[in-house]
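Numbering (mature numbering (1 follows the signal peptide of the UniProt record, and there is no 0)), first residue to last: -23 to -1, 1 to 496. Glycine is no exception: its CB is placed at the ideal position from the N, C-alpha and C atoms.
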Amino acid sequence: MKTKKIYAWSVLTAIMVTATVNSCKKGSLNTSDPNNVTTNQYYKTSDQLTKGVNAIYVAIHALGLVSREWFFIHDLRSDDVASGGGQLEAPRGQILNGNCDPTNPVMNSVWNGWYTTIFRANVVIANGPAVTDNAGLRDRLVGEAKFLRAWAYFDLVSQWGGVPLYTSAVTAASDFQPRASETEVYALIIKDLQDAAAVLPEKSGTDKGRATASAANAMLGRVLMQTGDYAGAKAALLKIPTTGTNGYTLTSRYLDNFEEETEFNSESIFEIVFVDKGDGGFNWGGDSPTEAQSTVRNQEYNPIAWRNLIPSNKLINEFESTATGAIKSDPRFHYTVYQSGDTYNKGASVLTDGDQNGNSSVLNGVTKKISFRKFMIIYKEGLPAAGFHPGGNNQRIIRYAEVLLMLAECENELGNTAAAVNYLNMIRARADVAMPPYPTAQFPVGSKADVVKAIMHEKTVEMGDEEVRGIDILRWRKKQYFTTDPFSYFKKGRDELLPIPQAELDNNPKVNGHQNPGY
């Protein structure tokens, strides 16, 4: 049985209430309401601070973020996915097709979810110094809050550009902030992650699901690459240990990174924890102080459920083939997707075209039904249980394979092509992948430009549908790595960013009138 350490244990009243007075007597105007606990009264112990940090994780676990809308917005802004058919809800189709407008509810959910995360993190960061009963734990908790705030701002700045920057909790209706510059937002993110890495511990066997120093350094590597600081990114990534009890290594079995029984393995650097509630309907859980949270991902992409998004033709045809082109020789193809004829339910069931609702794909010129396998739980379940089962399969956010791929890109950008190729070949040498090392006939690596193509290929086939492709596209587009833009709808000067939500424009007078161009 897996250990679940981050549940919905939040103290929402303590987070949200800032001050309350309740009296009609002139002499009692400064008396606090005894029925409400304010933040300046509450954050006195490390136990209370722990509950405040747990409330940040709760916001991230919720349906508006990682349980549902977070993976949607990243996938819809990538070329890893295609519409599963008419069952894909209109707001999601708008993002996928480049027709997103400022009222889009999926986009708004992610925006609001990250600002809830930021608010709760700010409360912890502000009140942490007052906690004195356990200085070590206090510093770790503030480090976690900074890591989570940095992740929130990175998602916001990469998707929306400059956004309102809040570094303290809002306490009054007038505390609006204008859009900061991207440079200002990135500066805060980098400082938060550096601070977090300095105080967070490495992984342990008992406190799973919490941010670690390696998670902070891996996220810092992502962020610095996005700003073009490849030397800084390399330095941060090389701080991640690869030996000893805290060391990270590739698992010998690729699918260990996407199945429930093998969570928190040697490759997993940071993952968001979910709980299987044994439910076949819509009781996913959410932002609650007492209710555990499931992820709806298994329902959304499951080949025998909604199947709202399917692998794009671009993704499935990226995997290397045999000389005939008829068979995908890269085993990661079969680990990433299901196709008709594959078995599931521990080998007891065979997937058919009729099982898979909606659209078909074209693989090597052949039309067939193909669906995602990563993070689906039908590998161990059959119908009817597996059809609409909200899962307890943790969402892996950062794994060591991505660190190696980031290091490959850093080394190539710094002029060290041989080192870059070595990192790529480490990925290909995984025991149950065992692809031939670069150079190959298809991917020579004699120049920096050659290695760029190999990196782009390897990251696609290794990390397809893991919510990193959209961020890569933004970075690689700026570096002019694409001969043709990944999106047929792309218009320069508009589609690099999402529109600022209409609700933000309406409610924040300092943002109103400062929409992203083209919207």
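- The criterion of a C-beta distance shorter than 8 Å is satisfied by SER317 and LYS346.
- For THR344, there is no enclosing alpha helix (DSSP H); the residue is found in the beta strand (DSSP E) stretching over 343 to 345.
- In the DSSP assignment, GLU248 forms a beta bridge with ARG373.
- Taking a cut-off of 8 Å on C-beta distances, the region 409 to 416 does not touch the region 75 to 94, as fewer than three cross pairs fall below it.
- A buried status is given to ASP132, since no fewer than 16 other beta-carbon atoms sit within 10 Å of its beta-carbon.
- For ALA36, the enclosing alpha helix (DSSP H) begins and ends at 23 to 38.
- A straight-line Cα-Cα distance of about 17 Å links ILE33 and GLU46.
- Residue environment analysis places PRO367 among the buried positions, since at least 16 neighbouring C-beta atoms fall within 10 angstroms of its C-beta.
- If you look at ALA59, you'll find it in the beta strand (DSSP E) that goes 58 to 60.
- Here the alpha carbon of GLN18 sits roughly 20 Å from the alpha carbon of ASP116.
- Per DSSP, GLN316 is one residue of the beta strand (DSSP E) stretching across 314 to 316.
- The region 38 to 96 contains, as complete alpha helix (DSSP H) runs of 4+ residues, the segments 46 to 53, 67 to 73 (chain order).
- DSSP links ARG156 through a beta bridge to PRO141.
- For THR272, the pairing in a beta bridge is given by DSSP as GLY368.
- The C-beta separation of ASN294 from LEU340 comes to about 6 Å, placing the pair in contact by the 8 Å criterion.
- Taken in chain order, the complete alpha helix (DSSP H) segments of 4 or more residues contained in the region 395 to 467 are 425 to 440, 446 to 455.
- With contacts defined by Cβ atoms closer than 8 Å, LYS254 and SER271 form a contacting pair.
- Of the candidates LEU391, ASN485, ILE448, GLU439, the residue whose Cα lies closest to the Cα of ALA208 is LEU391.
- Straight through space, the alpha carbons of MET440 and ARG446 are spaced by roughly 8 Å.
- Comparing C-alpha distances from PRO288 to each of ASP169, THR93, SER337, VAL273 shows the shortest one belongs to SER337.
- Shortest Cα-Cα distance from VAL30 to any of ASN89, LYS185, LEU118 involves LEU118.
- According to the DSSP assignment, SER191 belongs to no beta strand (DSSP E) but to the alpha helix (DSSP H) extending over 190 to 204.
- Counted as a single uninterrupted DSSP element, the beta strand (DSSP E) harbouring ILE287 occupies residues 286 to 288.
- The continuous stretches of beta strand (DSSP E) do not include LEU482, which lies in the alpha helix (DSSP H) extending over residues 479 to 484.
- Shown here for VAL398: same chain residues with a beta carbon closer than 6 Å to its own, the five before and five after excluded, namely TYR415, VAL422 in chain order.
- Between the alpha carbons of VAL35 and GLY41 lies a gap of roughly 11 Å.
- Taken through DSSP and simplified to helix, strand or coil, TYR496 comes out as coil.
- Beta-bridge analysis with DSSP links LYS305 to SER298.
- PRO476 counts as buried, since at least 16 other C-beta atoms from the protein chains shown sit within 10 angstroms of its C-beta.
- Contact check for ILE249 and VAL200: beta-carbon distance about 19 Å, past the 8 Å limit, so the pair fails to qualify.
- The beta carbon of SER158 is closer than 8 Å to those of GLY139 in its chain, skipping five residues each way along the sequence.
- For LEU328, no alpha helix (DSSP H) encloses it, and the DSSP letter there is neither H nor E.
- Boundaries of the alpha helix (DSSP H) around LEU214: 207 to 214.
- Counting every other CB atom within 10 Å of its CB across the protein chains shown gives GLN419 a total below 16, marking it as exposed.
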